[in-house]
Amino acid sequence: MVLPRWEPQRCRERLITVPFRKVIGAALAGALVLAVAPSALAQSDDDAPAADATFTIDVTVGLQGYAHPDEPVPVVVDITSEELIVGRLDIGAGGATQRTAIEVPANSAKQYVVYGAAPGDRRTVSVALVRVVDGEDEVLDRQSVRLVLPSGELLVGLLGQEGLTTTLRSTMSSPLGTEVVPLPLVGPALARGGGPLAYLVVDPGAFADLDEGTIDAIAAWVRRGGRVVGTPASLERIVSIGAGEVLDRTPAAVTRYSEGELIAVAELESLDVDQWSALLRDTPPLGLVRTDPGFAPSSGSLVGAATAGREASVPALPWLLIGIALFIVLVGPVNFLLLRRAGRPEWAWVSVPILSVIFVAAFWTIGRASLQDFTVTSATVVIDDGSRSAASTALVVQVEQGGNHELQLPPGWQPGATASGVGVEAGTSKTDDDGRTRYEWELKDLGVGAAEASWEADPVAVDLDIAVDGRQIEITATNQTGQPFWAWGIVVDGIASASASPLEVGGSDSVSVRTFGGNNYSYEPVISSAVQRRLFYVDEFDSSDFNVVAGLAGRVERELPSLKRDGIYFFGFTDGTLASVAVDGVAGEAEGTSLLLKQTELDAAALAGLGEAQPEVLSVLGASSIENYGDGRLWAYGAEEVVFGYVVPTGVTGSLQVDPRGTQFEDVAVYDWATGEFVDIEWGDDVSAYQSSGGEVVLRARPDDTGFFDEGILLNRYAIKWGTSS
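If you use this note's numbering, the sequence shown corresponds to residues 13 to 738, in order.
Structure (structure tokens):
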């Protein structure tokens with residue numbers, strides 16, 4: 013390429029010939045560009061509202077920005093507008109998008125509360141305000157909010173107790189001295205329970221104003237391990253608490269409620285920093301950094317499970333055989349007899365084609381009326397925790413002809429976050445005047461649209477009979493649901509065992525599991541792995557069903573992280589019609605696979621009969637890496653200190669001992685809840701005098717004088733064992 017030659021003289025001549033007013037105009041334009049450049053650089057055109065915007069949008073995500081990685085994240089959007097806005101909110105979280113139709117009248121303000129998908133390991137939630145005009149989308153505003161997933165801090169929610177913020181900021185929890193982070197909250201933020209909170213401190217007046225649905229959600233959160241602090245009268249809204257056991261160094265009394273606690277205090281404002289430090293215990297695990305990639309956790313996509321289901325059968329047409337027989341009779345004998353009686357048999361050349369055209373037209377008309385131009389498949393997860401049975405369903409709609417289509421959900425179903433995939437469109441949800449939700453799509457020919465919804469299901473009618481023989485637990489399940497389970501099994505302490513045979517309606521069968529009494533930290537899916545191991549060689553089990561099993565089981569494990577902790581769960585897969593829906597006003601049936609999960613617990617006598625409990629690892633200091641392989645195997649290379657936490661069942665009497673025999677952790681201490689300090693002991697000493705009011709025992713183990721640890725930690729070696737039970 014030849015570059016133009018530089019000619020200074022010609023350039024000077026051109027400058028001289030330019031009119032003076034054009035030079036002035038160019039200078040003014042340049043100054044104007046420089047004046048507006050900073051504001052143009054401050055925000056992008058795509059993400060910022062127009063300069064003449066007549067609206068404001070305020071977004072609050074999670075609980076003051078904190079969220080639980082395995083639970084739906086609440087997103088509160090406040091919109092104030094001087095003009096009418098008709099469109100939708102697109103909430104992106106955890107790889108899924110929840111689209112909610114909105115309408116904000118002119119000169120008004122509205123608040124929308126939308127629950128995005130569980131974030132998992134994704135730290136960002138996106139919110140887009142989209143206006144729809146003549147079918148065209150216009151993004152008015154787009155915001156990205158960074159989530160905080162708690163790690164190494166104790167979150168304490170304050171409901172109507174904001175005056176305690178200063179005191180709690182000066183508090184360090186027991187026994188690990190974890191930083192306490194107080195979060196002032198409002199009632200609507202608790203509509204799904206406590207989420208990432210370790211404790212919830214409630215004011216009597218604010219708690220009394222909560223609706224029953226929010227109270228039920230908080231109660232379910234407590235049963236999963238949450239702790240609520242309040243006056244006795246306040247806590248009675250959750251459950252009758254009785255007298256409780258007084259916590260050491262506090263005036264508070266604690267009552268166990270499933271895996272959580274209700275802590276009664278006469279006057280919250282009277283507690284000082286030391287008392288709060290004794291009350292706020294960090295014995296639940298706060299999370300370990302796991303460097304072992306292990307197994308990638310399942311996405312748990314209900315939409316994926318719905319699209320991977322069995323092929324739908326062609327609908328039966330019972331009238332078809334009768335119609336064909338009638339056609340043969342009319343065209344053959346009847347037509348021949350009538351023409352012969354009329355003396356015109358040659359007219360058969362005309363009557364047969366006419367009758368054929370009439371019957372073909374009739375078959376076509378009746379057939380089109382009998383066959384729907386859409387199909388609806390579903391995938392459902394039902395979790396029955398003993399007090400509430402909650403269901404989540406994905407509905408996948410395939411239409412024959414493209415265009416605008418809508419799906420009306422059954423009464424009482426609420427919209428959820430929908431993950432779209434290749435060839436699958438996530439719909440926009442809208443609540444009608446009658447309170448029912450419908451989803452809308454603009455699809456192509458043979459297009460596929462997906463929607464998710466949550467609803468209250470009936471309790472899972474499976475009776476469980478539990479027999480304990482040391483570490484072996486045998487569970488007999490009796491199916492009273494009215495639906496056969498083609499795959500089923502039991503999960504105990506994060507270890508699943510699947511039956512090799514189906515569980516028919518009214519039938520009973522048993523499964524045995526050997527519990528290790530600890531947490532399953534592995535990345536391996538629990539339920540789907542058990543089903544695959546047991547049913548891989550069963551002839552009736554099609555390999556394509558694994559996609560359905562993996563999708564449903566992965567969703568359960570995301571929504572119920574306690575599945576890998578203490579507890580007993582029944583799971584069963586069943587097929588059939590789920591519910592009646594309507595597509596474009598035409599009634600249809602949603603068929604697919606459902607995974608039913610029922611949680612139960614061992615009673616105190618059975619727990620005591622186990623004779624031992626493995627620890628939870630509460631803290632690891634100094635390790636260059638921490639790897640968990642599941643089934644109680646942990647590797648903390650170079651650990652300088654490990655803190656083990658135990659929960660002793662009620663009803664246990666006699667000595668409590670931990671004796672790993674030959675461990676490199678030669679120095680051991682037990683936490684004294686009465687003094688708030690660790691006391692040196694020897695392995696094998698009786699530590700029954702060092703239980704908290706909730707049955708907690710905490711041990712701190714350190715290596716010998718070399719200060720270096722280079723072996724794996726098998727948690728069953730560090731199990732706490734007890735003597736006789738009452």
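Virtual Cβ for every residue (Gly too), placed ideally from N, Cα, C.
Task: Cβ pair E571, I395 closer than 8 Å - done: yes
Task: Rounded separation between S520 and S404 - CA only - done: Take the alpha-carbon of S520 and the one of S404: they are about 27 Å apart.
Task: R154: first and last residue of the uninterrupted beta strand (DSSP E) it sits in - done: Per DSSP, R154 belongs to the beta strand (DSSP E) from 148 to 158.
Task: Nearest candidate by alpha-carbon position, reference G639, set E652, I275, S390, I725 - done: Strictly speaking, residue 639 in this sequence is Glu, with Gly absent from that position. When only C-alpha atoms are compared, the closest one is I725.
Task: Those residues which DSSP pairs with K442 across a bridge - done: Answer is R450.
Open item on the list: What does the Cβ neighbour count give for D294, buried or exposed, with the cut at 16 atoms within 10 Å?
Closed with: buried
- [ ] State buried or exposed for E150, treating a residue as buried only when at least 16 other CB atoms are found within 10 Å of its CB.
- [x] exposed
Open item on the list: Quick check on V629 - is its C-beta less than 8 Å from some C-beta in chain C?
Closed with: Absence of chain C from the displayed structure is noted, only one protein chain being present.
Open item on the list: Do G563 and A402 have their beta-carbon atoms positioned less than 8 Å apart in this structure?
Closed with: Their beta carbons are not under 8 Å apart, which means A402 does not touch G563 by this criterion.
Task: Where D304 sits in the DSSP three-state scheme - done: Unreliable placement is indicated for D304, whose pLDDT of 37 sits below 50; the coordinate value is still reported in the next sentence. Here D304 sits in coil by DSSP.
Open item on the list: Let's see if you can read the secondary structure: which residues bound the alpha helix (DSSP H) around N559?
Closed with: 557 to 571
- [ ] Using three-state DSSP, classify D286 as helix, strand or coil.
- [x] helix
Task: Paired residues, beta bridge with I725 - DSSP - done: The partner list for I725 (beta bridge, DSSP) reads L646.
Open item on the list: Looking at S540: is its Cβ nearer than 8 Å to the Cβ of G518?
Closed with: In this structure, G518 does not lie closer than 8 Å to S540 by Cβ.
Task: Nearest neighbour of S282, chosen from V372, A203, L180 [CA to CA] - done: The candidate whose alpha carbon is nearest that of S282 is L180.
Task: S363 beta carbon less than 8 Å from that of N347 - done: yes
- [ ] In the DSSP assignment, find the unbroken alpha helix (DSSP H) run with D228 in it and report its ends.
- [x] 224 to 235
Open item on the list: Just verifying my parser: in three-state terms, what is the DSSP assignment at I250?
Closed with: Coil, per DSSP.
Open item on the list: Along the chain, where does the beta strand (DSSP E) containing G584 start, and where does it finish?
Closed with: 580 to 595
TODO: Would you grab the beta carbon distance between G657 and E628 for me? Rounded to a whole angstrom, and I think it's under 8 Å.
DONE: Contact between G657 and E628 holds, with the beta-carbon distance rounding to 5 Å and staying under 8 Å.
Task: Best match in D444, R400, T443, V460 for proximity to N416 [C-alpha to C-alpha] - done: The alpha carbon of N416 has as its nearest neighbour, out of D444, R400, T443, V460, the alpha carbon of V460.
- [ ] Out of W734, E694, A686, point me to the one whose CA is closest to L668's CA.
- [x] W734
TODO: Report the option in T662, T440, V87 whose CA atom is closest to the CA atom of E624.
DONE: Out of T662, T440, V87, T662 has the C-alpha closest to the C-alpha of E624.
Task: Environment of G169 [buried if 16+ CB atoms lie within 10 Å] - done: buried
Task: Buried versus exposed, by CB contacts within 10 Å (16 or more), A52 - done: Note that A52 scores 33 on pLDDT, short of 50, meaning its location in the model is unreliable and no value can be drawn from it.
Open item on the list: Count Cβ pairs between the segment 679 to 696 and the segment 604 to 622 that sit closer than 8 Å; are there 3 or more?
Closed with: no
Task: Neighbourhood of S692 by C-beta, 7 Å cutoff - its chain only, sequence neighbours within 5 removed - done: In the sequence under discussion, the amino acid at residue 692 is Asp, which differs from the Ser named in the question. Excluding positions up to five away in sequence, the list reads A681.
Open item on the list: Considering Cα atoms alone, identify which of V393, Q410, F371, G398 is closest to T387.
Closed with: Q410
TODO: Check whether the Cβ atoms of V655 and R712 lie closer than 8 Å to each other.
DONE: yes
- [ ] Just the C-alpha distance for L727 and A320, rounded to the nearest angstrom, thanks.
- [x] 39 Å
TODO: Please classify G626: is it buried, with 16 or more other beta-carbons within 10 angstroms of its beta-carbon, or exposed?
DONE: First, the residue type needs correcting, since residue 626 is Gln and not Gly in the sequence shown. Buried is the call here.
TODO: Give a yes or no on contact between the segment 113 to 120 and the segment 150 to 162, applying the rule of three or more CB pairs nearer than 8 Å.
DONE: Touching, no.
TODO: Note down the Cα distance separating P216 from S631, rounded to an integer number of angstroms.
DONE: So the alpha carbons of these two residues sit roughly 35 Å apart.
TODO: Let me know the secondary structure DSSP gives Q55 once reduced to three states.
DONE: Note that Q55 scores 36 on pLDDT, short of 50, meaning its location in the model is unreliable; the coordinates nonetheless yield the value given after this. Of the three classes helix, strand and coil, the one that applies to Q55 here is coil, per DSSP.
Task: Buried or exposed (CB count within 10 angstroms, at least 16 for buried), L188 - done: buried
Open item on the list: Given a cut-off of 8 Å on the beta-carbon distance, is the pair E165 and T183 in contact?
Closed with: Going by C-beta atoms, E165 is not nearer than 8 Å to T183.
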